[in-house]
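Take 1 as the starting number for the sequence shown in UniProt numbering and just add one per residue. A quick write-up on the structure given underneath.
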Amino acid sequence: MHKVMTRPRPRPVPTRPPGRTDHRRTDPRRPAATTAARPPTRPLRTPPQPPPHPTELFTERLLLVLSGQKPVHWAARHIAHTAFDDLTRLAELAPLNVNGRRPTIHRIGHYEPRPGVYEVFARIGTGPALRALAFRLHLGEDQRWRCTAVEVGAPPP
């Protein structure tokens, strides 16, 4: 058995230097009173990020469809077999749309029952509650991932 919990991706380091924190100067058009030389600032560089895992990509796609932000046909080419019918039925209910708030992904994990197949589970924040999203991914002969099953946990009572 090979379970994997993915961690939230670190936020990229900002490429701009932080804003000025010296509040002694009130008029920005006047030169500063001090003449001390400041060291030159180098631009901050973000380290190269690895490409996102297919489970992360599909979680985001399904989240957009199930919250009503994107139509079902937007993800149609990534959905196979009866999963498209299930997704269409679920999207009509918009189970992840709560009071117009955007849902957020809290945690994504997956289990690999055999090579080329992922069973994915995710915790989705919808307002004050957490919901469960589960789906299955298969790697096709064309080396593209397709979702073959989708389920959303029932809302809390």
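All C-beta atoms in this analysis are idealised placements derived from N, C-alpha and C, irrespective of residue type, glycine included. Keep in mind it's a predicted model, so treat the numbers as computed, not measured.
Going residue by residue through the stretch 68–140, where are the continuous alpha helix (DSSP H) segments of at least 4 residues, counting only ones entirely within it?
Those alpha helix (DSSP H) runs which fall completely within the stretch 68–140 and span 4+ residues are 83–93.
The beta strand (DSSP E) with T148 in it runs from where to where?
Element bounds for T148: 145–152.
For the stretch 120–138 and the stretch 91–111, state whether three or more C-beta atom pairs, one from each stretch, are separated by less than 8 angstroms.
With a cut-off of 8 angstroms, the stretch 91–111 and the stretch 120–138 count as touching, because enough Cβ pairs lie within range.
Buried or exposed: P48, going by 16 or more other Cβ atoms within 10 Å of its Cβ?
Label assigned to P48: exposed.
Once DSSP output is grouped into helix, strand and coil, what is the label at T59?
Shown here, T59 sits in a helix according to DSSP, grouped into three states.
Contacting residues, own chain, Cβ-Cβ under 7 angstroms from G140 (five flanking each side not counted):
Cβ contact annotation for G140 (same chain, cutoff 7 angstroms, sequence separation greater than five): R146, in chain order.
By Cβ distance, which residues of its chain are closer than 6 angstroms to L133, with the 5 residues on each side in sequence left out?
A122, I124, V152, listed in sequence order.
Helix or strand or just coil, what does DSSP make of P50?
In the structure shown, P50 sits in coil (DSSP, three-state: anything other than H, G, I, E or B).
Compute the beta-carbon to beta-carbon distance between L61 and H78, rounded to the nearest angstrom, for a pair I have assumed lies under 8 angstroms.
A small correction: the amino acid at residue 61 is Arg; Leu does not occupy that position in the sequence shown. The pair is a contact, with the Cβ atoms about 6 angstroms apart (cut-off 8 angstroms).
With a threshold of 16 other CB atoms inside 10 Å of the CB of P95, please say whether the residue is buried or exposed.
Per the 10 Å Cβ criterion, buried.
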